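When the letters of the sequence shown are read in order and numbered with my numbering, they come out as residues -5 to 79.
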Amino acid sequence: MSELHFSKIHPLMPIPLFICAEFLYENSSKHESFHQCLQELVSIFYGLTNVNNHEQSYVDLLPRSCISKTKELFKHGIGASTVEA
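Following this line, the structure appears as structure tokens:
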């Protein structure tokens, strides 16, 4: 998905991605691979841009998300460990 132009990604794409992140966050203590997948997903969030504002990443949309567990995910710093830019 990161190779696609921002206009080719549906504006509601963050919803299923945030739901996946929430699932991985809730189950990350059960298996190491869940935590690794979660870190990869968070790095994807940083790379994808908003269709309505191409200078805004999906991570910037998170505060407006209605998915509470995903907000907790970023508060606990899981996203911070994957950000290098």
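Heads up, the beta-carbon is just placed ideally off N, CA and C, and yes, glycines get one too. Treat the numbers as computed from the prediction; the structure is a model and nothing was measured.
Item                                                                                                                                            : Value
In whole angstroms, give me the CA-to-CA distance for C31 and L18.                                                                              : 7 Å
Consult DSSP for K2 and reduce its assignment to one of helix, strand or coil.                                                                  : helix
Buried or exposed for L6, please, with buried defined as at least 16 other CB atoms from any protein chain shown within 10 angstroms of its CB. : exposed
Within 10 angstroms of the Cβ of P10, are there 16 or more other Cβ atoms? Answer buried if so, exposed if not.                                 : exposed
With 16 as the cutoff for other CB atoms within 10 Å, does E16 come out buried or exposed?                                                      : buried
Which of the three DSSP states is assigned to S27 in this structure?                                                                            : helix
I need the straight-line Cα distance from Y40 to S23, nearest angstrom please.                                                                  : 23 Å
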